[in-house]
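Counting with the UniProt record's numbering, you get residues 4 to 340 for the letters of the sequence shown. In this text, a Cβ means the ideal position worked out from N, Cα and C, and glycines have one as well. Nothing here was measured: the structure is a model prediction, and the numbers come from that model.
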Amino acid sequence: KKLGWAIVGLGKFATEQLIPAFKDCKYSELVALVSGSPDKAKRIAAEYNLDASNIYDYQNYDSIKDNPAVDVIYIVLPNSLHAEFTVRGAQAGKHIMCEKPMATSVEDCQKMIEACRQAGKKLMIGYRAQYETYNLKCIELIREGKIGDLKLITSDHGRPLKPDQPEDKWRTNKKLAGGGSLMDIGIYSLQACRYLTGEEPVEISAMMSNTPNDPRFNEVEENITFSLRFPGGVLANCSSSYSFFEIKRFQAFGSEGNITLDPATDYNEHQLTLKTDAGTEEIKLEGNNHFAAEIDHFSECILENKTPKTPGEEGLQDVKLMMAIYEAAATGKPVKV
Ligand code: NAD
């Protein structure tokens, strides 16, 4: 059986990556759209053969509760709108998948978890890297001790922010984005540190900087570096920027080897190198459509009544840690978490 999915927000990521991924899904089918642009919604509905009566706008969204074809709602809106649309979706009796970052405050994350709990519906955060073959292989290499004892992780995510593009305009607005490069892409570095160690950091220090007089960064941060200490002794050094030439990488240093995944969090491309005493090996894997994999994972969890691998609590933890990173950067003092 395929579950019916509705996508809320037909922006760049939804239209270019998520909607096309349904063709590779076994347990999930796109059946409905929620959009503020009726023309765009009609065009996409026609392109994907969706019933025109399954198009909603942000006002009549709640009436999706009367549509039995929709089992799951996927929220792909600007960050600060995730909370409202998750809560309304859960109250409409649907399971919710929500894009990262889960929300722009800890309180909003808690409200989202509580709304889904009260409605008896599942909540998953779209952490696609945790469903992607190369990232999973890196976790496996570390767990199997292929690089000895893990000591340090470095991870960097950057790209130039271009507010003349609609998808970057709201990213300059603190109210909509919640923050700058950290909330948007630094979160991938933070996630990588957490899934590569399998631990939660206990101490955080950070620094932030903006290019003076660059109007893109009146409200949100441009560059941020943060360091994490994990209970098992692993350290991590991470950065994110809205000005770097595109980078999305991590490296894990062990006592007997190291691994580099660069790019690590690209939509399509991954390059994995393992260095040990045995030499340097480029590991080639059959890549997967990780958008389809995460969507199907959630459908399977619903069908089998299991907790998803990246539930709301996982999104909440990242938002808590990002708030601690901002606090450490603002105060110049390490924060214990
Ligand atoms: P986008 O601007 O292209 O899409 C956002 C959509 O929300 C647009 O269709 C826009 O019209 C709509 N919208 C509704 N209310 C709005 C408002 N008040 N202001 C602005 N837009 C409004 O952005 P995007 O890059 O597609 O990002 C959407 C979400 O997806 C974000 O939370 C982002 O973090 C996430 N995302 C995740 C990944 C990933 O790899 N997992 C990649 C890109 C984006």
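Residue span of the alpha helix (DSSP H) that contains residue i, given as start and end
i, result
"Lys172", "Pro169 to Lys172"
"Gln320", "Gly315 to Thr334"
Inter-residue CB distance, residue i and residue j (contact presumed, cutoff 8 Å)
i, j, result
"Cys119", "Ile99", "6 Å"
"Ile207", "Ala106", "That pair is no contact at about 20 Å."
"Gly260", "Asp152", "Contact doesn't hold; Cβ gap of about 10 Å is too wide."
"Ile328", "Ala239", "Ile328 to Ala239, Cβ: 12 Å. No contact."
"Phe220", "Thr228", "The Cβ separation is near 16 Å, so there is no contact."
"Gly129", "Glu297", "6 Å"
"Ser158", "Cys241", "5 Å"
"His160", "Tyr134", "Not a contact, Cβ separation roughly 18 Å."
"Asn57", "Ala35", "4 Å"
"Ala44", "Leu13", "6 Å"
"Ala267", "Asn138", "7 Å"
"Asp60", "Gly39", "6 Å"
Nonlocal neighbours in the same chain, by C-beta distance under 8 Å from residue i, ignoring five residues either side
i, result
"Asp171", "Leu164 and Lys165"
"Glu289", "Thr136"
"Phe16", "Val79, Glu102 and Glu170"
"Lys154", "Gly236, Val237, Leu238, Phe256, Gly257 and Ser258"
"Lys125", "His98, Ile99, Cys119, Phe301, Cys304, Ile305, Thr310, Pro311 and Pro314"
Residue burial classification, residue i (beta-carbon count within 10 angstroms, cutoff 16)
i, result
"Gly183", "buried"
"Lys26", "exposed"
"Ala95", "buried"
"Val205", "exposed"
"Pro81", "buried"
"Ala48", "buried"
"Gly282", "exposed"
"Arg91", "buried"
"Leu306", "exposed"
"Phe248", "exposed"
"Gln168", "exposed"
"Thr334", "exposed"
Opening and closing residue of the beta strand (DSSP E) in which residue i lies
i, result
"Ala296", "From DSSP, Ala296 is part of no beta strand (DSSP E) but of the alpha helix (DSSP H) over His293 to Leu306."
"Phe256", "Ile250 to Gly257"
"Arg232", "Asn226 to Arg232"
"Leu6", "Leu6 to Val11"
"Cys28", "Per DSSP, Cys28 belongs to no beta strand (DSSP E) and is neither H nor E."
"Leu126", "Leu126 to Ile128"
"Leu277", "Leu275 to Thr279"
"Gly235", "Counting along the chain, Gly235 falls outside any beta strand (DSSP E), and DSSP gives it neither H nor E."
"Ala209", "Glu206 to Ser212"
"Asn260", "A quick correction: the sequence has Gly, not Asn, at residue 260. Here the beta strand (DSSP E) through Gly260 covers Gly260 to Leu264."
"Thr283", "Gly282 to Ile286"
Cut-off 6 Å between Cβ atoms - residues of its own chain near residue i, not counting five sequence neighbours on either side
i, result
"Glu285", "Thr276"
"Leu319", "Cys112"
"Ser212", "Asn226"
"Lys200", "Position check: residue 200 holds Thr in this sequence, whereas Lys was assumed. The residues are Phe233 and Val237."
"Ala195", "Ser158 and Phe253"
"Leu179", "Pro81, Ser83 and Trp173"
"Cys141", "Ile262 and Leu264"
Cβ shell of residue i (< 7 Å), same chain only, five flanking positions each side left out
i, result
"Leu144", "Ile150, Ile262 and Leu277"
"Lys177", "Glu222 and Val223"
"Pro337", "Glu206, Ile207, Ser208 and Ala331"
"Ala86", "Ala106, Asp111, Lys114 and Met115"
"Tyr51", "Ile22 and Leu33"
Check: residue i C-beta below 7 Å from any heavy atom of ligand 3
i, result
"Val338", "With respect to small molecules bound, the structure shown includes ligand 1 and not ligand 3."
So within the region 46-122, which uninterrupted beta strand (DSSP E) runs reach at least 3 residues, ignoring any that extend past its ends? 75-78 and 98-101
Those runs of the alpha helix (DSSP H) which lie wholly inside the region 131-200 and span at least 4 residues: The alpha helix (DSSP H) runs of length 4 or more contained entirely in the region 131-200 are, from start to end of the chain, 136-146, 169-172, 177-180 and 190-200.
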